[in-house]
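Beneath this line is the structure, given in structure tokens, with notes to follow.
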Amino acid sequence: MAKTATARHILVSSKEECEKLKSEIEAGADFADVARLNSSCPSRMRGGDLGAFFQGQMVKEFDDVVFSAELNKVHGPVQTEFGYHLIEITKRW
């Protein structure tokens with residue numbers, strides 16, 4: 001049976017910007033608000049929420065983090081062909 005997860009993310013063009021946004025979130029900024037204001041992904045309109053997806057649906061670098069890293073913690077910067085991501089895995093089953 002395929003693994004499934006829900007996650008939200010923020011996509012930006014530089015590692016430096018990604019690290020700056022991660023610091024803001026770790027200092028107490030709301031992930032969804034930071035996503036709405038900064039992410040270049042259309043998911044920004046939903047606070048970065050990607051909904052549910054199966055393992056293998058996302059690019060490998062993204063998928064590797066989502067299906068192995070700790071839940072409810074901000075991970076990144078994770079570099080993919082699209083840019084740099086901050087990823088928060090909200091559920092996995």
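The opening position of the sequence shown corresponds to residue 1 in the UniProt record's numbering, with each subsequent residue numbered one higher.
Backbone N, C-alpha and C fix where the C-beta goes; we use that ideal spot for every residue, glycine too.
Buried versus exposed, by CB contacts within 10 Å (16 or more), residue i
i, result
"M45", "exposed"
"A27", "exposed"
"E16", "exposed"
"V12", "buried"
"residue 174", "The requested residue 174 does not occur in the structure, where the chain is confined to residues 1 to 93."
"P77", "buried"
"residue 133", "The displayed coordinates of the chain run from 1 to 93. Any statement about residue 133 would go beyond what the structure contains."
Three-state secondary structure assigned by DSSP to residue i
i, result
"E19", "helix"
"C63", "Sequence check: residue 63 is Asp here, not Cys. Helix at D63."
"E24", "helix"
"F54", "strand"
"L11", "strand"
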